[in-house]
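Everything below concerns the one structure shown next.
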Amino acid sequence: MSEKDVLHILGKEVALGESAQVSFNVAKLHTQNTIDVPVIIERSKKPGPTVLITAGIHGDEVNGVEIVRQIISKGINKPKRGTIICVPVINVFGFLNMNREFPDGRDLNRVFPGIRGGSLASRVAFKLVTEILPHANLVLDFHTGGADRYNAAQIRIIKNEKTLDELANVFGAPFVFYSKNLNKSFRNTCHKLGIPTLLFEGGKSASIDNTITNTAVNGTKRVLNHLGMLNRKFKVSQPKQDCIHLLESKWIRAKYSGMFKATITINSKVKKGDDIGNITDPYGSFNHFVKAPNDGYIININESPIIYQGDAIFHISTKVKQ
């Protein structure tokens, strides 16, 4: 077997046709207990692309973790050709306490590509970028909405990237949302390294939603099938509808503090002036109707029952690709 047929990752050698679980280890807990972040590797006997599947960059985004868990438990990660590397929980420190950030208070998705001797979050980013990411030809990264803000199932990519457009359409989420790569984010680092990345958003933090997980798992199967990597035992379903491509969007913010309830559902297409929610007070003396500022699709709804003036309560598209 030639050297190129052996994957050298995190101190382990994994040959074609082999499976392995290696530890992604950076630091211990303050109690000196070791934390092992499992990295699950499945290699076909036939060479091919390497797909890296990640979740849990934010520790409270459980829905993303559940998506990768299902991909592993169902055996979708065992490729017909090539290699699939799964990292279900990158920020295991935050996952332990259902916190978005690391114990050092930093958002992991704002410190990439990291520094070897930097903060805890920066060290994790550095190790991921230097020891795992270079093996990938494609990254599927799973996220959810922050706090009580529920995201419609969507793939986020940058504009004018033919490969990303093709893969996003193959994935088949209800929406493809064109958004800029944020500075020091995982997606931006992948882009700078020339690695195509599909960022999936869906659901909300500290919650598991079956519709969202099903959408993501089915989308992953479509992408793997497109690459000739999906095992023959899995069936590939067609998306229920064509992807809607969103070019621009804006947040609708609360004009008043109070008790909040959305009166439309996620994914809804609304017209300018439609009633989409209510802000009330506990005493029955105030009722403010939230109206759509423009025609568009609702891609995020704040599900918190209590909101304050200025809080983001809806995310609406303002320009759709025709």
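When you number the sequence shown by full-length UniProt numbering, it's gap-free, plus one each residue, and the end is 322.
Glycine included, every Cβ here is placed at the ideal spot set by N, Cα and C.
Candidates Ala152, Lys233 and Phe260, of which the one nearest Thr213 by Cα: Position 213 of the sequence shown holds residue 213. Answer by Cα proximity: Ala152.
Presumed contact (8 Å Cβ cut-off) between Gly48 and Pro79, rounded CB distance: Locating residue 48 in the sequence shown gives position 48, where the first residue counts as 1. Locating residue 79 in the sequence shown gives position 79, where the first residue counts as 1. The Cβ separation is near 7 Å, so the contact holds.
Same chain only: Cβ atoms within 8 Å of Asp107, ignoring 5 sequence neighbours per side: The count along the sequence shown starts at 1 and reaches residue 107 at position 107. Result list for Asp107: His58, Arg100, Glu101 and Ala121, in chain order.
Length of the line joining the Cα atoms of Ser19 and Ile40: Mapped onto the sequence shown, residue 19 falls at position 19. Mapped onto the sequence shown, residue 40 falls at position 40. Approximately 8 Å, taken between the alpha carbons.
Inter-residue spacing [alpha-carbon to alpha-carbon] between Phe314 and Gly219: Indexing the sequence shown from 1 puts residue 314 at position 314. Indexing the sequence shown from 1 puts residue 219 at position 219. Using only the alpha carbons, I get a separation of about 25 Å.
Buried or exposed (CB count within 10 angstroms, at least 16 for buried), His43: Locating residue 43 in the sequence shown gives position 43, counting from the first residue. Here residue 43 turns out to be Arg, not His, going by the sequence shown. Per the 10 Å Cβ criterion, buried.
CA-to-CA distance, Thr144 to Asn63, given in whole angstroms: Your numbering for residue 63 matches position 63 in the sequence shown. Your numbering for residue 144 matches position 144 in the sequence shown. Counting only the Cα atoms, Thr144 lies some 7 Å from Asn63.
Short Cβ contact (9 Å threshold) for Phe24 with Lys127: As a working note, residue 24 is residue 24 in the sequence shown. As a working note, residue 127 is residue 127 in the sequence shown. A contact, by the Cβ cut-off of 9 Å.
Cβ pair Leu96, Arg156 closer than 9 Å: Against the sequence shown, residue 96 aligns to sequence position 96. Against the sequence shown, residue 156 aligns to sequence position 156. It is not a contact, given that the beta carbons lie outside the stated cut-off.
Reference Ser207, options Ala147, Ile76, Thr83 and Val176, closest by Cα: Walking along the sequence shown from the start, residue 207 turns up at place 207. Comparing Cα-Cα distances from Ser207 to each of Ala147, Ile76, Thr83 and Val176, the minimum goes to Ala147.
Beta-carbon proximity list for Ser2, same chain, < 8 Å, skipping 5 on both sides: As a working note, residue 2 is residue 2 in the sequence shown. Caution applies to Ser2, whose pLDDT of 46 falls short of 50 and renders its modelled position unreliable; the model cannot decide the point.
Bounding residues of the beta strand (DSSP E) (the contiguous stretch that carries Val124): Here residue 124 refers to the residue found at position 124 of the sequence shown. It is not in any beta strand (DSSP E) - Val124 instead sits in the alpha helix (DSSP H) that spans Leu120 to Glu131.
Length at least 4, wholly inside the region 162-201: the alpha helix (DSSP H) runs in chain order: Unbroken alpha helix (DSSP H) runs of no fewer than 4 residues, entirely contained in the region 162-201, are found at 162-171 and 186-192, following chain order.
Whole-angstrom C-beta distance between Leu230 and Lys221, which should lie under 8 Å: For the purposes of this step, residue 221 is identified with residue 221 of the sequence shown, where counting begins at 1. For the purposes of this step, residue 230 is identified with residue 230 of the sequence shown, where counting begins at 1. Between Lys221 and Leu230 the beta-carbon gap is near 6 Å, inside 8 Å, which marks them as a contact.
Segments of 4+ residues assigned as alpha helix (DSSP H) that fall wholly inside the region 68-101: 92-97
Pairwise C-alpha distance: Val92 and Ile53: Here residue 53 corresponds to residue number 53 of the sequence shown, with the count starting at 1. Here residue 92 corresponds to residue number 92 of the sequence shown, with the count starting at 1. Rounded to whole angstroms, Ile53 to Val92 spans 16 Å at the Cα level.
DSSP-derived helix/strand/coil call for Gly258: Position 258 of the sequence shown, counted from the first residue, corresponds to residue 258. In the structure shown, Gly258 sits in a strand (DSSP, three-state: E or B).
Complete runs of the beta strand (DSSP E) confined to the region 232-304 [at least 3 residues]: Along the length of the region 232-304, whole beta strand (DSSP E) runs at least 3 residues long occupy 244-253, 258-262, 275-280, 287-291 and 296-302, reported in chain order.
Coil, strand or helix - Glu61 by DSSP: Here the question's residue 61 lines up with position 61 in the sequence shown. In the structure shown, Glu61 falls within a coil segment according to DSSP collapsed to helix, strand and coil.
Residue interval of the beta strand (DSSP E) (run including Leu140): If you number the sequence shown from 1, residue 140 lands on position 140. Element bounds for Leu140: Leu138 to Gly145.
Inter-residue CB distance, Gly310 and Phe286 (contact presumed, cutoff 8 Å): To locate residue 310, count along the sequence shown from 1; it is residue 310. To locate residue 286, count along the sequence shown from 1; it is residue 286. Between Phe286 and Gly310 the Cβ distance is about 17 Å, and since that is not below 8 Å, they are no contact.
Pair within 9 Å by beta-carbon distance, Cys243 and Gly172: Here the question's residue 243 lines up with position 243 in the sequence shown. Here the question's residue 172 lines up with position 172 in the sequence shown. Contact: yes.
Selection from Pro196, Ala136, Lys192 and Phe175 that minimises the alpha carbon distance to Lys162: Here residue 162 corresponds to residue number 162 of the sequence shown, with the count starting at 1. Among Pro196, Ala136, Lys192 and Phe175, the Cα nearest to that of Lys162 is on Pro196.
Cβ distance (whole Å) where Leu10 is taken to contact Val22 below 8 Å: Start at 1 with the first residue of the sequence shown, and residue 10 comes out as number 10. Start at 1 with the first residue of the sequence shown, and residue 22 comes out as number 22. For a cut-off of 8 Å, the C-beta gap from Leu10 to Val22 is around 5 Å, short enough to register as a contact.
Where Val320 falls: helix, strand or coil (DSSP): As a working mapping, residue 320 is identified with position 320 in the sequence shown. In this structure, Val320 counts as strand in the three-state DSSP scheme.
Segment limits, beta strand (DSSP E) that includes Lys12: The residue labelled residue 12 in the question sits at position 12 within the sequence shown. Element bounds for Lys12: Lys12 to Ala15.
Alpha-carbon spacing of Pro293 relative to Ile264, whole angstroms: Position 293 of the sequence shown, counting from 1, holds the residue named residue 293. Position 264 of the sequence shown, counting from 1, holds the residue named residue 264. Rounded to whole angstroms, the gap between the alpha carbons of Pro293 and Ile264 is 14 Å.
Top-ranked residue by Cα proximity to Glu61, from Arg232, Asn109, Val51 and Asp104: Sequence index remark: in the sequence shown, residue 61 carries index 61 (1-based). For Glu61, the nearest C-alpha among the options comes from Asn109.
Neighbourhood of Lys159 by C-beta, 7 Å cutoff - its chain only, sequence neighbours within 5 removed: Taking the first residue of the sequence shown as position 1, residue 159 is located at position 159. Taken in chain order, the residues that qualify are Tyr178.
C-alpha gap between Ser119 and Val270, whole angstroms: Locating residue 119 in the sequence shown gives position 119, where the first residue counts as 1. Locating residue 270 in the sequence shown gives position 270, where the first residue counts as 1. If you take the alpha carbons of Ser119 and Val270, they lie about 45 Å apart.
Element boundaries [alpha helix (DSSP H), containing Thr215]: Translated into the one-based positions of the sequence shown, residue 215 becomes position 215. Where Thr215 is concerned, the enclosing alpha helix (DSSP H) stretches over Asn210 to His226.
Test: Ile155 CB closer than 9 Å to a CB of chain C: You won't find chain C in this structure, because it holds only one protein chain.
For Glu42: DSSP bridge partner residues: Position 42 of the sequence shown, counting from 1, holds the residue named residue 42. BP columns for Glu42 point to Ser19 and Ile84.
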